[in-house]
Structure formats: C-alpha cells, structure tokens
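Residue numbers (the numbering used here): 1 to 576. Built from N, CA and C at the ideal position, the CB exists for glycine as well. Since the structure comes first, as structure tokens, the remarks are kept for the end.
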DNA sequence: GCCGTTTTCGGCCCGACTGTTTTCAGTCG
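Spelled out as structure tokens, the structure:
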C-alpha cells in the first residue's frame, strides 16, 4: 500500500466519523494527516519499517494514534479501525459526501429517517418529494439536492490548471471593464498554482458590491447561480464553480490571504494569531475591536511574526516554520529561464522546423534550445534512425553558423529524447549518444513493469555516462495515466551520485516531476531541468509557466534549476 | 486525534449564505 492509499484510508475514516457526527476535531486530525501523507516524498512503509511509531510521529499531524495505524497498515495491509467503521455504514453512503450542498448531517438524516443508501436512492427520493416532509427540509432543499446530484455527475473530479486559468483570466478581464471594480485578483488554489483546480476564486475591491454581483451573475456562459449575497456569490460557468467575493480596500490583504488558502495553512496562521491575542479574518487583523492590519497581505504575516510566504508555498508543508526562522527560499521565476532542454521538431513528431523552434526560443529571450527528437523505438512519434540523426546534425550546424555570423547569441543543441527500453538498454548506441550535445532519457513503454524492475531500468539509464536528463520521471498523465511504480528515493540517490538531471516536464497534464518530488530532488541535491516538451513553436512559451509554478511549489530557487544558467554554465552541469 | 517558551489536559479558525427556522443548523471554503 503506497502513501496515497494510506491517505485514502484516513480520509475515509474521517468521512465515516463525519456521518457519525463524531468530534469535529478528531475528524480534522484525520484529514490533516491524510493531506500531509498524500504529499509526503518519503515512502511511509519505509519510514514505518525503519523507525516505527517514534519516527512516524515526527510527521506533522501524525501522533500516537495515527502512527500506530500507519504501522499496522504497513505490516498487515489493513487497518482494523477503518474496517470496523466501514461495517457501520452502507457502501454507497460515503459517495453522497461528494455531492455539492449535501453534507454529513443531511446524509445522516435521509439515511436514518427514510433509509437512503446511494446517490440513486437520494435522487429518487428527491424526485418523488419524499425529502420535503422531513423536519428542517423543504422544497428548496429538495431542489438543491437534485441540482447537486446533477453537478456531481457532470463534473466529477477537478479541472487541469491550464483549463481553469484561462477561464479565470477571462472572467477577470470581463469584470475589470466595470467602473465599480477598483481592484480584482485571482485567489484560491489557482493562485497557489495547484496542478488541478476544484473551483475558481475571484476577489474584488469595490464600494458598490451589488453592481459587481449583478454583472457577475450575468456573465456569458453561466449555467447556474448557486448563491447570491451582498458580498459573496457563487456560480457555475462552463462546468467550473466560480466564487466571487467583494471586500473594502482596507481588507484586501487579509481577504486575499484568506481566500488564497490553503485551508490548513490558514488554520495555522490563525492559530498563531490566537496565541498572540489576535483575531484574523477576511476583514483584517484585530486586537480586540481595533484593526491593526489587513490592507496588505504582508500585514497578516508580520502580525503573527512571520516573513512573507509566497502563495505557492501555502500548503502547511513547513512554510510556517520556515517563515518563523526566515528560511523562505527565493523562488525561481519565469524570467530566470534561459533555455529549453526538451522540445520536438519535424524531424520526429514536432510540428515546426528546427529553425522555427529556434526563432521561437530567441523571441522568448532564451540563449539555447535543445531539439530532442525521438529515438527509433517510438515509431508512432516518427522516431529518428541513426542516419536521420546525422543529417539533422548538419542542419543544426548550419543554423548555428548562421546565428554566429549574424551576431545572434544563441545556440541550437543537438539532443534526443532517447527511449529507455524495457530491457534497460538505451535506444541508440553509445556512439550516437556521445555525438549529441544533450541526451534526454525517457520511458515510453511497458509502464506496468514492477517497481523493482522499473527502478532498475531508470537507474541503469542514469548510470550511462551519456544520459544527461531523465524526462518525465514518473510517466503520469493527469486524468489519464497513473504514474508507474518506481522507487523515487533510489532514483534521487542515483541521480545525485551520477550527476543526472531530473526533468520537470511543464506540460500541464504531466507536471512530472511534481511539486513534492521537486522538493525531494532538492533535498538530495539533484538538479532540475524545467523543460516544456513542446511539440510546436507556440507551446514552448505557453506552457513553461506551469513548470516554473510547479518548481516554485517544490521550493526551488533559480540555482537549483540547470536551465536558469547561461549556455556554458548549463553544459558544465551536464555529464561529460 | 493532535499538540504544547502560556498547557501532558483542554483546548482546537472564522464568517457568508441558504433555508427553515422565529434564533439557528447546515454547508462551504
């Protein structure tokens, strides 16, 4: 059972405890542990075997009780508490928690009073007006439940960041046109650049909130108005929930902090406030009745004795402790990027020529681009044979000569995304690998190999003196393909010992390495290449921001990323 | 269930909106 599975166990325990109306703080404890565990870089099983309960308890949010359960799961693959709780509730009941506007109290009531056990039964009961007769229920509740079920079915799951961001930006553009909108900003998980987004949060400063709300609920493409109040409204727009909040200018900082989250980060900050005798809410920082801050986000942090924490770090993953000790890293920025080490051209499955890719890179202000066309094994992507590699080399040389003669300070690097085959060998002989400026190794087949085999496969590639970078090291495709099984700690060790760079693939459905793995790489002293894997000239500039954002979420500074260096320095960090 | 330069026990973040209530419970973030 991997970390993610354990997190699910604790989430499900929390779900069931909610239905049973147990102590809300106990529920929160399970949730917090689940959130920490699912993003933990180290393998819990390994920690459990090595250090037992005392080692597990060092994980924030994990105490005696949960540590023992982790140990139990690691040893037996099963958790008795979890199993016992599951026997107390019908299987379909937990699914109901995922329906918007339906919470544990509602579920408990419909279950206890009229025996509802599933989404289908709830829908049937609402349609036949069995719910409105229940105490505290009415026609509206029934309607909302039906709407909620519809929404749940239509939009199960979260949206990709790259899908939500343009949508949010267009809403901002629309609302900005209003005179009554003084300031407008995106908040929520979008501002934290999470890889998937549950809903869009937008914050507006205005003295005429009613007019803002009016415009908001009349936006193009609106499908439903979930709530409309004086300062807060929620709509469904093209399948995404959008929340809008209007505040006074004096509250903007506090509100931005509050609505950016994460929830657990906010709880930590407010707890610090309470200890200092302060109350922190979306309107400001208060000592008693007196407002002592809140116009700027910095106020919030300063008043609880913390350095400013960038939104990407606000996940309660140690950023509060770091801010206390002034250890917040100076995160890498888009402008730091000086080149792209993984793009494709029409020599394999890319759309544009080498020259067009180079021109695009130059227009981004880059100093280099590595054209990393596929090796033969990826036949479907038009992988190059050895002959093509050599012919391509001529074209690259010609182009570089031209740049030199024209006084353009730019270089095209001959590279290839070379398959790491299932027998651990590379898809080109060493002589070809040696002739390339940059070799990017990648797994594209046999994703189902077991953990040990897959780990060895990549380790063998990293031990090859010509393999500079490992592309998309876990192989995941968000919403489509789970990451393959691999021992990431071992990969990091070998990467460090062999001087192999790990790629952070910027494609928004990959983001691979992810934020947690980036941080892990940094802990091991492994360098990262933020690459785009662009298959056409516009993609290169379009998706790099997602990679940089993920690197920031992984606490990376410019110095940790090889392609923030100039050409010579960057090449010096690669092998050979 | 977690956690502690205020505590090893007694706390645990805070407010808007809705619907059904006539003072509040439930949900959400």
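Item                                                                                                                                                                 : Value
From 322, 334 and 143, pick the residue whose C-alpha is nearest to that of residue 549; which is it?                                                                : 334
Check whether the Cβ atoms of residue 557 and residue 331 lie closer than 8 Å to each other.                                                                         : yes
In the DSSP assignment, find the beta strand (DSSP E) that holds residue 502 and state where it starts and stops.                                                    : 501 to 505
Since residue 337 contacts residue 530 with CB under 8 Å, what's their CB separation in whole angstroms?                                                             : 7 Å
Taking 6 Å as the limit between beta carbons, can you name the residues of its chain near residue 108, skipping five residues before and five after?                 : 19
Could you name the residues that DSSP lists as bridge partners for residue 234?                                                                                      : 227 and 243
Identify whether residue 438 lies in helix, strand or coil by the three-state DSSP scheme.                                                                           : strand
Identify which residue in 433, 361 and 224 has its Cα closest to the Cα of residue 374.                                                                              : 433
Look up residue 83 in the DSSP assignment and say whether it is helix, strand or coil.                                                                               : helix
Between 117, 193, 142 and 80, which lies nearest to residue 547 when the distance is taken from Cα to Cα?                                                            : 193
Are there three or more Cβ pairs, one per stretch, closer than 8 Å when the stretch 226 to 238 is compared with the stretch 261 to 278?                              : no
With a floor of 4 residues, list each alpha helix (DSSP H) that falls wholly inside the stretch 280 to 335, ordered by position along the chain.                     : 297 to 303 and 319 to 324
Could you pull the DSSP bridge partners for residue 373 from this structure?                                                                                         : 416
Of all the alpha helix (DSSP H) runs that stay within the bounds of the stretch 25 to 81, which reach a length of 4 or more residues?                                : 44 to 56 and 64 to 76
In angstroms, rounded to a whole number, what distance separates the CA positions of residue 562 and residue 304?                                                    : 36 Å
Applying the criterion that 16 or more other CB atoms from any shown protein chain within 10 Å of the CB defines a buried residue, is residue 259 buried or exposed? : buried
What first and last residue would you give for the alpha helix (DSSP H) that runs through residue 173?                                                               : 161 to 176
Grab the span of the alpha helix (DSSP H) containing residue 189 for me, first residue to last.                                                                      : 188 to 191
Under DSSP, the alpha helix (DSSP H) around residue 531 begins and ends at which residues?                                                                           : It is not in any alpha helix (DSSP H) - residue 531 instead sits in the beta strand (DSSP E) that spans 528 to 531.
So, under 8 Å CB-CB, residue 205 and residue 183 are touching, yes? Tell me the CB distance rounded to an integer number of Å.                                       : 4 Å
Would you mind sorting residue 417 into buried or exposed? The rule is 16 or more other CB atoms within 10 Å of its CB.                                              : buried
List the DSSP bridge partners of residue 525.                                                                                                                        : The partner list for residue 525 (beta bridge, DSSP) is empty, contrary to what the question assumes.
Is residue 469 closer than 8 Å to residue 501 when the C-beta atoms are compared?                                                                                    : yes
Whole angstroms is fine: what's the gap from residue 358's alpha carbon to residue 506's?                                                                            : 18 Å
Straight-line CA distance for residue 535 to residue 440?                                                                                                            : 15 Å
Closest to residue 493 by CA distance: which of 113, 283, 42 and 515 is it?                                                                                          : 42
Check whether the stretch 32 to 46 and the stretch 511 to 528 touch, using three or more Cβ-Cβ pairs below 8 Å as the test.                                          : yes
Give me the residue from 277, 397 and 33 with the minimum Cα distance to residue 59.                                                                                 : 33
Determine the DSSP secondary structure at residue 557, reduced to helix, strand or coil.                                                                             : strand
Per DSSP, which one or two residues make a beta bridge with residue 368?                                                                                             : 339 and 411
What number of angstroms, rounded off, separates the C-alpha of residue 290 from the C-alpha of residue 245?                                                         : 23 Å
Report buried or exposed for residue 614, applying the criterion of at least 16 other Cβ atoms within 10 angstroms of its Cβ.                                        : Within the shown structure, residues of the chain are numbered from 1 to 576, placing residue 614 beyond reach of any answer.
Inspect the beta-carbon positions of residue 419 and residue 378 and report whether they are closer than 8 Å.                                                        : yes
Is residue 609 helix, strand or coil by DSSP?                                                                                                                        : Here the chain comprises residues numbered 1 to 576, so residue 609 is not present and cannot be evaluated.
Just the Cα atoms here: how many angstroms apart are residue 385 and residue 376?                                                                                    : 5 Å
When we look at the beta-carbon of residue 401 and count the other beta-carbons within 10 Å, is it buried (16 or more) or exposed?                                   : exposed
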